[in-house]
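Novice:
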Amino acid sequence: MKDEVWKVSEWSVSDNKLTVPTENEEQPIEKKPSELWEWIKSIGTALVIVLIIHFFIFNLSTVKGQSMEPTLVDGEWLFINKIGYIIGGPERGDIVILKDPYEQLGFREFLVKRIVGLPGDTIEVSNKKLFINGQEYTEPYTDVEIQGDNYGPLVVPAGDFFVMGDNRHHLASTDSRIFGPVPENLIKGKAQFVMWPLNKIGGLYGTLPEE
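Convert by adding 15 to the 1-based position in the sequence shown; the result is the number in our numbering.
#1: Beta-carbon within less than 6 Å of Asp18's beta-carbon, same chain only, minus the 5 sequence neighbours each way: which residues are those?
#2: Is Tyr117 near the ligand COA, going by C-beta to nearest heavy atom under 8 Å?
#3: Can you tell me which of Gly99, Val178 and Ala206 puts its alpha carbon nearest to the alpha carbon of Phe194?
#4: What span of residues does the alpha helix (DSSP H) with Tyr100 cover, start to end?
#5: By how many angstroms is the C-alpha of Asn148 removed from the C-alpha of Leu169?
#6: Mark Val20 as exposed unless 16 or more other C-beta atoms lie within 10 angstroms of its C-beta, in which case mark it buried.
#7: Return the Cβ separation of Asp175 and Val197 in integer angstroms, given the expectation that the two are a contact with Cβ distance under 8 Å.
#8: Can you tell which of Asp190, Thr189, Leu126 and Glu151 has its C-alpha closest to the C-alpha of Gly204?
#9: List the endpoints of the continuous alpha helix (DSSP H) containing Ser191.
#10: Does the count of Cβ pairs from the segment 91-102 and the segment 128-144 closer than 8 Å reach three?
#11: Could you name the residues of the same chain whose beta carbon sits closer than 8 Å to that of Gly217, not counting the 5 residues immediately before and after it, in chain order?
#12: Quick check: Ser76 and Ile112, are their CB atoms within less than 9 Å of each other?
#13: Using DSSP's beta-bridge definition, name the partner residues of Lys144.
#14: Do you know offhand how far Arg107's Cα is from Pro134's?
#15: Express the C-alpha separation of Leu219 and Pro105 in angstroms, rounding to a whole number.
#16: With DSSP as the reference, label Ser49 as helix, strand or coil.
Okay, structure coming up:
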């Protein structure tokens, strides 16, 4: 007589009751409250980090319009450094994103311009040329002499900066020649790189020569 073999592995005892598992039965996987909470915290932390980076460290901005041609053209994406000016202030030649002084009149919220005048500088446009503190400045990033009316001389107040667009064709740029010097608190960041299109990727330079 052959020994009988009992397959006890298919049976289980729970609370003194004999239970039989159903074939192919899938046991529901319940997420423990602690695991769900950890997941929520991870997502929340990631969102906070993204917001901090966007509002306080850097973001991407799109060029709109022709006021910075030929340096920047419509549709290009810029990498904006927002934290750099915490360490050091704006410098002559920086390309910056600034709050539009005319925003309340329905104009664009932000502008991209180049700083040409620092606090205490005397700015003058005469005979299609830019003068800073009485000295003519050569601007390698422009492709035309300054067109339009003469301007100044004007002394940039303490804490303010004089900005201009690189496009010096007549009425091509709304800048400090129209709305005056801008307070530093309107400057929101420095444009450091062109991020798009691919054939234009690179750093933004062009600091004005020193005296």
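Glycine is no exception: its CB is placed at the ideal position from the N, C-alpha and C atoms.
Specialist: So, to answer that:
#1: Residue confidence for Asp18 is low, a pLDDT of 43 falling below 50, so the modelled location carries little weight; the figure read from the coordinates is stated next. Counting only Cβ-Cβ distances below 6 Å, and skipping sequence neighbours, we find nothing.
#2: Absence of the ligand COA is noted for the structure shown, with no ligands found whatsoever.
#3: Considering only alpha carbons, the answer is Val178.
#4: Unbroken alpha helix (DSSP H) run through Tyr100: Gly99 to Ile102.
#5: So the two alpha carbons sit approximately 10 Å from each other.
#6: Confidence is the limiting factor: at Val20 the pLDDT is only 40, short of 50, which leaves the residue's position unreliable, though a coordinate-based value still follows. The residue is exposed, with fewer than 16 neighbouring Cβ atoms inside 10 Å.
#7: 6 Å between Cβ atoms; contact.
#8: Nearest Cα to Gly204 within the set Asp190, Thr189, Leu126 and Glu151: Leu126.
#9: Where Ser191 is concerned, the enclosing alpha helix (DSSP H) stretches over Ser191 to Phe194.
#10: Cβ pair count under 8 Å is below three, so no.
#11: Closer than 8 Å at Cβ, skipping near neighbours: Phe208 and Val209.
#12: Yes; because the gap between Cβ atoms is below 9 Å, this pair is in contact.
#13: Lys144 pairs with Ser141.
#14: Spanning the alpha carbons of Arg107 and Pro134 requires a straight line of approximately 10 Å.
#15: Cα-Cα distance, rounded: 14 Å.
#16: Here Ser49 sits in helix by DSSP.
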